[in-house]
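Below is one structure, written out as C-alpha cells; comments come after it.
There are 2 protein chains.
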Amino acid sequence: MPQVAVVTFDGFNELDSFIASALINRCRKDGLEAFITTPTPVVTSMNGVEVTGQRPMEFVTEADVVLIGSGVKAREVVADDHLISRLTLDPARQLIGAQCSGALVLSRLGLLDGMPACTDMKSRPFVEASGVTVLDVPFHAEGNIATAGGCLSSQYLATWVMTRTVGEAPARGVLDYVAPVGENKETVERALRAVHTGEAALR
Amino acid sequence: MPQVAVVTFDGFNELDSFIASALINRCRKDGLEAFITTPTPVVTSMNGVEVTGQRPMEFVTEADVVLIGSGVKAREVVADDHLISRLTLDPARQLIGAQCSGALVLSRLGLLDGMPACTDMKSRPFVEASGVTVLDVPFHAEGNIATAGGCLSSQYLATWVMTRTVGEAPARGVLDYVAPVGENKETVERALRAVHTGEAALR
Numbered sequence: 002m003p004q005v006a007v008v009t010f011d012g013f014n015e016l017d018s019f020i021a022s023a024l025i026n027r028c029r030k031d032g033l034e035a036f037i038t039t040p041t042p043v044v045t046s047m048n049g050v051e052v053t054g055q056r057p058m059e060f061v062t063e064a065d066v067v068l069i070g071s072g073v074k075a076r077e078v079v080a081d082d083h084l085i086s087r088l089t090l091d092p093a094r095q096l097i098g099a100q101c102s103g104a105l106v107l108s109r110l111g112l113l114d115g116m117p118a119c120t121d122m123k124s125r126p127f128v129e130a131s132g133v134t135v136l137d138v139p140f141h142a143e144g145n146i147a148t149a150g151g152c153l154s155s156q157y158l159a160t161w162v163m164t165r166t167v168g169e170a171p172a173r174g175v176l177d178y179v180a181p182v183g184e185n186k187e188t189v190e191r192a193l194r195a196v197h198t199g200e201a202a203l204r
Numbered sequence: 002m003p004q005v006a007v008v009t010f011d012g013f014n015e016l017d018s019f020i021a022s023a024l025i026n027r028c029r030k031d032g033l034e035a036f037i038t039t040p041t042p043v044v045t046s047m048n049g050v051e052v053t054g055q056r057p058m059e060f061v062t063e064a065d066v067v068l069i070g071s072g073v074k075a076r077e078v079v080a081d082d083h084l085i086s087r088l089t090l091d092p093a094r095q096l097i098g099a100q101c102s103g104a105l106v107l108s109r110l111g112l113l114d115g116m117p118a119c120t121d122m123k124s125r126p127f128v129e130a131s132g133v134t135v136l137d138v139p140f141h142a143e144g145n146i147a148t149a150g151g152c153l154s155s156q157y158l159a160t161w162v163m164t165r166t167v168g169e170a171p172a173r174g175v176l177d178y179v180a181p182v183g184e185n186k187e188t189v190e191r192a193l194r195a196v197h198t199g200e201a202a203l204r
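Line order of the protein sequences matches chains A and B. For the first sequence, counting from 1, position 188 maps to 189 in our numbering; every step adds exactly one. For the second sequence, counting from 1, position 6 maps to 7 in our numbering; every step adds exactly one.
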C-alpha cells in the first residue's frame with residue numbers, strides 16, 4: 002500500500018497539510034494512506050493548534066510519496082542544517098511535492114534544479130532568491146516532482162498524488178465526494194484540469 | 002473582538018474544522034479569531050490525527066459565533082444527552098453554523114425548526130429523518146443560522162462568518178490570499194456568490 006508522508010513543521014498552515022492528507026486518506030480503500038509527519042512529537046500550527054505527529058520525520062525515507070507542507074517558519078526550516086539533513090528524499094523512487102513555502106525546502110534540497118515552481122505570494126521572493134523561477138499558475142509538475150501555490154491548490158497536489166498512485170477514477174471519486182453540494186462536476190474538472198495543465202506545461 | 006468556536010468532536014473531518022478555522026483566523030487583524038473547541042482535552046480525527054483543543058466545550062456559551070464541525074461520530078454525538086446539554090447556544094445573540102453532519106446537531110438542538118438545511122450525501126438521510134428538509138445547494142442561511150454541505154463548502158461557511166462579523170472587504174482579502182495562484186478572482190466570486198445565494202434563497 003503506497004504511503005504518503007505529509008511533512009508538517011512547527012508553524013504549519015492547517016489548510017496545506019490537512020486538505021492534502023484528508024483528500025488522500027479518502028483513497029484508503031484503494032490502497033493509499035497519508036500520515037502527518039513531524040520533526041518533533043507535537044507541532045503547533047500558525048494558529049496555535051497543537052497536533053501530534055502520526056509518523057516521525059524518518060518516515061520520509063520509507064514513504065512512497067513525500068509532500069512538504071507550508072508554514073510561517075519555512076525560512077527557519079531551510080536554515081536548519083540538522084532538520085534538512087533528516088529529509089533524505091529520492092526523486093528516482095518517490096513522488097515529491099511541495100505546497101506554497103514548501104518549495105523553499107525543495108529548492109534547499111536541490112530538487113528544483115532546472116525546473117520552475119509554484120509557490121504563494123509571500124514565499125515567492127524567497128523562492129526566487131534561491132534561484133528558482135516562479136510560475137503564475139497553481140500547479141506544476143515535472144516527472145516525479147510537483148509544486149502547488151495558494152493554500153487551496155493543496156487539493157490539486159492531492160489530486161496529482163491520487164492520479165499518479167491509484168489512478169484518475171479514485172481521484173474523481175474523492176473530489177466528487179468533498180465538493181460543495183451541487184458543484185461536484187466543476188470541482189472535479191477544475192482539479193483534474195489544473196493537474197493535467199501543470200503536467201503538460203511547456204517551458 | 003468577536004470569537005468563533007469551531008466545535009470539533011472525536012472522529013472529526015479535518016477539512017470541515019480546519020478550512021473554516023484557518024480562513025477565519027486570517028481575519029485576526031480585523032478583530033476576528035477562531036478556536037478549535039472540543040468536548041475533551043484531545044480529540045482524534047477520522048484519520049487518526051490527535052489534536053489538542055484550544056478551548057473547552059463551555060466556550061460555546063461565550064463565543065459570538067459557533068460552528069459545528071462534521072465527523073464520523075455525529076450520530077453518537079446527537080445520541081449523547083450529556084454532550085448535547087453542554088451545547089447551550091443562543092441564536093438571538095450568536096451566529097450559529099453547521100458543516101455537513103453538523104446539521105444533525107443543530108436539528109437535535111431544535112435550531113432548524115421550520116428551516117431547510119444543507120448537509121453531505123451520507124448525512125442526508127439522517128438529517129431528513131430528523132424532520133429537516135435537505136437542499137441540493139452548498140450553503141443556506143436564515144437570520145443567524147447557516148448550514149453548508151460538502152466538505153469544501155466549509156470555505157462558504159467561513160465566508161458567511163467573515164462577511165457577517167467583519168464585512169465583505171476582509172472576506173474578499175482572505176479568499177484572494179488562500180485561492181490557488183491564478184484563480185483568485187473566480188475563487189473570491191464563487192464563495193461570495195454561494196453565500197449571497199444561500200442568504201437570499203426563497204423557499
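A virtual CB, placed ideally from N, CA and C, is assigned to each residue, including glycine.
(message) Residues of chain B with CB closer than 8 Å to the CB of Gly70/A, please, in chain order.
(response) For the C-beta of Gly70/A, not a single chain B residue is nearer than 8 Å; the gap to the nearest is close to 12 Å.
(request) Show which residues of chain B have a CB atom less than 9 Å away from the CB atom of Leu16/A. (result) Neighbours of Leu16/A in chain B, taken as residues whose beta carbon is under 9 Å from its own, are Phe19, Ile20, Ala23, Leu24, Val179 in chain order.
(request) Measure from the C-beta of Ile146/B to each C-beta in chain A and report whether the shortest distance is under 7 Å. (result) Judged by the 7 Å Cβ criterion, Ile146/B is not in contact with chain A.
(message) If you reduce the DSSP assignment to three classes, tell me which class Gly174/B lands in.
(response) Gly174/B: helix per DSSP, three-state reduction.
(request) In angstroms with no decimal places, state the Cα-to-Cα distance between Gln55/A and Thr45/B. (result) For Gln55/A and Thr45/B, the distance between alpha carbons rounds to 11 Å.
(message) List, from N- to C-terminal side, the alpha helix (DSSP H) runs of 4 residues or more that fit wholly inside the region 56 to 138 of chain B.
(response) Taking 4 residues as the shortest admissible run, the region 56 to 138 of chain B contains the following complete alpha helix (DSSP H) segments, listed from N- to C-terminal end: 75 to 80, 82 to 86, 103 to 109, 125 to 130.
(request) Take Leu96/A as the anchor and find which of Ala195/A, Leu24/A, Phe19/A, Glu63/A has the nearest alpha-carbon. (result) Ranked by Cα distance from Leu96/A, the first of Ala195/A, Leu24/A, Phe19/A, Glu63/A is Glu63/A.
(request) Please check the pair Val50/B and Val52/A, which I expect to be a contact at CB under 8 Å, by giving their CB distance rounded to whole angstroms. (result) Distance from Val50/B to Val52/A at the Cβ level is roughly 6 Å; contact confirmed, criterion being Cβ atoms closer than 8 Å.
(message) Among the candidates Pro57/A, Glu34/A, Asp31/A, whose CA atom is the shortest distance from the CA of Asp42/A?
(response) Before going further, note that residue 42/A is Pro rather than Asp in the sequence given. The shortest Cα separation from Pro42/A among Pro57/A, Glu34/A, Asp31/A belongs to Pro57/A.
(message) Whether or not the region 102 to 115 of chain A and the region 160 to 167 of chain A are in contact is what I'm after, with contact meaning three or more pairs of Cβ atoms, one per stretch, closer than 8 Å; do they touch?
(response) Output reads no: the region 102 to 115 of chain A does not touch the region 160 to 167 of chain A.
(message) Closest to Asn26/B by C-alpha separation, out of Val8/A, Ser22/A, Met47/A, would be which residue?
(response) Answer by Cα proximity: Met47/A.
(message) I need the boundaries of the alpha helix (DSSP H) containing Ala149/B, first residue and last residue.
(response) Note, Ala149/B: premise wrong, no alpha helix (DSSP H); beta strand (DSSP E) at 146 to 149.
(request) Can you have a look at His141/B and say buried or exposed, based on whether 16 or more other CB atoms are within 10 angstroms of its CB? (result) That one is buried.
(request) In angstroms with no decimal places, state the Cα-to-Cα distance between Ala195/A and Ala104/B. (result) Their Cα atoms are separated by approximately 32 Å.
(message) Counting C-beta neighbours from all protein chains within 10 Å, is the total for Pro139/A 16 or more, i.e. buried, or is it exposed?
(response) Only buried fits Pro139/A, as 16 or more other CB atoms lie within 10 angstroms of its CB.
(request) Can you give me the start and stop residues for the beta strand (DSSP E) that Val189/A sits inside? (result) Run containing Val189/A: none in the beta strand (DSSP E); it sits in the alpha helix (DSSP H), 185 to 201.
(request) Have a look at Asp91/B and Val5/B and give me their C-alpha separation to the nearest angstrom. (result) In a straight line, the C-alpha of Asp91/B is about 14 Å away from that of Val5/B.
(request) Could you tell me which chain A residues have their CB closer than 7 Å to the CB of Thr53/B, listed as they occur along the chain? (result) What Thr53/B touches in chain A: Glu51.
(request) Check Thr39/B in the structure and name its three-state DSSP category. (result) Reduced to three states, the DSSP call for Thr39/B is strand.
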